[in-house]
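Visitor: For the sequence shown, counting from 1, position 223 maps to 254 in our numbering; every step adds exactly one. Here a beta-carbon is modelled for each residue, glycine too, at the ideal position from N, C-alpha and C. The structure presented is a predicted model; accordingly, all values stated were derived computationally and were not measured.
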Amino acid sequence: MKNYNIAAIGGDGIGPEVIEAGVEVLDALAKADGGFAFRFESFPWSSQLYLDQGHYIPPGGLEQLKAFDAIFFGAVGSQKVPDHVSLWGLRLPICQGFDQYANVRPTRVLPGVKGPLANGKDIDWVVIRENSEGEYSGVGGRVHRGLPIEAASDVAIFTRTGVERIHRFAFELAMKRPRKHLTLVTKSNAQRHGMVMWDEIFFEVAKDYPAVKWDRELVDAMTTRMVLKPATIDVMVATNLHADILSDLAAALSGSLGIAPTANLNPERRFPSMFEPIHGSAFDITGKGVANPVATFWTASMMLEHLGEAKAAARLMKAVERVTASGVHTPDLGGTAKTKDVTRAVIAAL
Ligand code: ATP
32 MKNYNIAAIG GDGIGPEVIE AGVEVLDALA KADGGFAFRF ESFPWSSQLY
82 LDQGHYIPPG GLEQLKAFDA IFFGAVGSQK VPDHVSLWGL RLPICQGFDQ
132 YANVRPTRVL PGVKGPLANG KDIDWVVIRE NSEGEYSGVG GRVHRGLPIE
182 AASDVAIFTR TGVERIHRFA FELAMKRPRK HLTLVTKSNA QRHGMVMWDE
232 IFFEVAKDYP AVKWDRELVD AMTTRMVLKP ATIDVMVATN LHADILSDLA
282 AALSGSLGIA PTANLNPERR FPSMFEPIHG SAFDITGKGV ANPVATFWTA
332 SMMLEHLGEA KAAARLMKAV ERVTASGVHT PDLGGTAKTK DVTRAVIAAL
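Here is the structure:
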């Protein structure tokens with residue numbers, strides 16, 4: 032029997048609630064499958080820890096994480112800590128420290144879920160977000176604070192290595208999908224250096240993948256295409272910031288932020304990859320027991336796939352889809368079910 036060591040980081044807000052549900056479902060799945068088991072270790076890294084002890088990740092924490100097969104992550108963000116402090120304190124050190132440069136965000140309207148679009152059934156996308164550089168490089172500064180001459184800059188750093196590897200990843204993934212279509216999303220009319228390099232490297236990489244049909248779109252036009260012509264999209268690749276925004280739109284179009292999963296992959300497997308729902312800590316519903324755990328279950332399915340358990344991953348998604356189709360929905364989807372009800376229903380379906 033295979034044993035997988037998983038680091039569970041619930042984080043803030045509804046993060047611990049959905050991770051607890053995810054752990055329960057994964058344990059039930061392992062029991063039902065019989066071919067593998069999980070050993071979860073919980074890490075209490077959160078904004079509360081930061082407020083109490085001055086750090087999210089304790090000294091040596093990243094080193095500790097390296098030993099795990101994968102990281103199962105909830106959410107980070109607190110009303111008591113500025114967002115840029117919490118993001119740079121917990122999520123980004125893991126993504127960037129472990130070179131998880133490929134952020135993969137599948138989007139579909141699950142059975143029984145009603146998205147806002149009349150033609151929502153046409154949505155079957157994967158958003159690929161460059162996850163290691165670009166607008167999130169952290170390069171920049173602020174001078175003359177509080178004076179009329181105050182100035183601030185954030186510099187987006189794009190490297191040939193960083194851009195080429197995300198394009199290759201996107202083409203490889205598009206190759207594996209039935210439609211084999213990839214859309215390059217940039218803003219190379221306005222940003223004439225980094226974005227033009229993105230385009231150029233994409234055209235070079237495209238030559239190695241003649242089986243993939245591709246097109247390109249400016250990021251602003253992409254938002255309207257996602258709403259008006261969803262069937263024309265299969266896989267899209269975009270920068271760290273652009274894809275962050277597009278994937279929130281994609282999540283909303285799929286019915287709820289509570290459904291959308293994401294994988295932060297280190298494709299070369301030199302470091303553990305991290306799996307998380309795309310939603311944040313959602314303070315408005317924290318502690319009420321109504322957080323939708325579906326995004327976390329879908330995330331868990333992506334983690335299984337990464338671990339090499341494709342059959343179990345598909346089985347979990349089938350169970351989740353049976354439950355969404357049956358109408359056991361949390362309030363974000365218009366239902367009255369609690370997190371526990373959805374969790375129990377998925378375990379029963381398994
Ligand atoms: P953060 O600042 O950490 O990103 P946030 O509260 O600003 O968090 P999100 O958590 O991403 O933003 O979500 C926005 C809203 O969507 C939430 O306030 C909540 O109402 C809803 N939402 C998000 N995730 C879920 C979920 N899993 N189940 C139900 N509703 C959700």
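Quick check on Asp315: buried or exposed, where buried means 16 or more other Cβ atoms within 10 Å of its Cβ?
Guide: Its Cβ having fewer than 16 others within 10 Å, Asp315 is exposed.
Visitor: Does the region 54 to 65 come within contact of the region 77 to 92, defined as at least 3 CB pairs closer than 8 angstroms?
Guide: At 8 angstroms Cβ cutoff, the stretches do not touch.
Visitor: Could you compute how far the alpha carbon of Val186 sits from the alpha carbon of Thr192?
Guide: If I take the Cα positions, the gap works out to 18 angstroms.
Visitor: Output yes or no for whether 8 angstroms exceeds the beta carbon distance between Ser285 and Arg139.
Guide: Against a cut-off of 8 angstroms, the Cβ pair of Arg139 and Ser285 comes out as a contact.
Visitor: Ala101 to Gln127, Cα distance in whole Å?
Guide: Rounded to the nearest angstrom, the two C-alpha atoms are 15 angstroms apart.
Visitor: Identify whether Asp185 lies in helix, strand or coil by the three-state DSSP scheme.
Guide: Three-state DSSP puts Asp185 in a strand.
Visitor: In chain order, what residues of the same chain have a beta carbon less than 8 angstroms from the beta carbon of Thr370, not counting five sequence neighbours either side?
Guide: If we look at Thr370 and ignore the five residues flanking it on each side, its Cβ neighbours are Glu48, Val49, Ala52, Gly320, Val321, Ala322, Asn323, Pro324 and Thr361.
Visitor: Tell me whether Thr263, by its Cβ, gets closer than 7 angstroms to a heavy atom of the ligand ATP.
Guide: Thr263 Cβ: outside cutoff for every heavy atom of the ligand ATP.
Visitor: Quick check on the burial criterion: 16 or more other C-beta atoms within 10 angstroms. Buried or exposed for Asn134?
Guide: Classification of Asn134: buried, given that the 10 Å Cβ count is 16 or more.
Visitor: What residue from Val216, Arg70 and Gly41 has the CA that sits closest to Asn34's CA?
Guide: The shortest C-alpha separation from Asn34 is found at Arg70.
Visitor: Does the separation of the CB atoms of Thr217 and Met226 fall below 8 angstroms?
Guide: It is a contact, given that the beta carbons lie within the stated cut-off.
Visitor: With a threshold of 7 angstroms (Cβ to nearest heavy atom), would Thr330 be considered close to the ligand ATP?
Guide: Every heavy atom of the ligand ATP is 7 angstroms or more from the Cβ of Thr330, so no.
Visitor: For Lys6, which residues from the same chain have a beta carbon less than 7 angstroms from its beta carbon, with the 5 sequence-adjacent residues on both sides left out?
Guide: With the chain represented from 32 up to 381, any question about residue 6 goes unanswered, as that position is not in the structure.
Visitor: Tell me whether Val250 counts as near the ligand ATP, meaning its Cβ is closer than 7 angstroms to at least one heavy atom of that ligand.
Guide: The answer is no for Val250.
Visitor: Given a cut-off of 8 angstroms on the beta-carbon distance, is the pair Tyr132 and Arg199 in contact?
Guide: Result no, Cβ atoms of Tyr132 and Arg199 do not sit closer than 8 angstroms.
Visitor: Is the CB-CB distance between Pro292 and Pro137 below 8 angstroms?
Guide: Yes, Cβ-Cβ distance for Pro292 and Pro137 is below 8 angstroms.
Visitor: Can you tell me which of Val351, Thr317 and Gly318 puts its alpha carbon nearest to the alpha carbon of Ser332?
Guide: Taking only the C-alpha atoms, the option nearest Ser332 is Val351.
Visitor: Is Val49 near the ligand ATP, with its Cβ less than 7 angstroms from a heavy atom?
Guide: Yes, since a heavy atom of the ligand ATP falls inside the 7 angstroms radius drawn around the Cβ of Val49.
Visitor: Work out the CA separation of Gln110 and Gly44 for me, nearest whole Å.
Guide: Answer to the nearest angstrom: the Cα atoms are 10 angstroms apart.
Visitor: When we look at the beta-carbon of Phe103 and count the other beta-carbons within 10 Å, is it buried (16 or more) or exposed?
Guide: So Phe103 counts as buried.
Visitor: Below 6 angstroms CB to CB, which residues in the same chain sit around Arg210 once its five sequence neighbours on both sides are set aside?
Guide: Asp265.
Visitor: Have a look at Leu335 and Lys238 and give me their C-alpha separation to the nearest angstrom.
Guide: Those two C-alpha atoms are separated by around 32 angstroms.
Visitor: Which residues mark the beginning and the end of the alpha helix (DSSP H) in which Met32 is found?
Guide: First-last for Met32: undefined, no H or E at that position.
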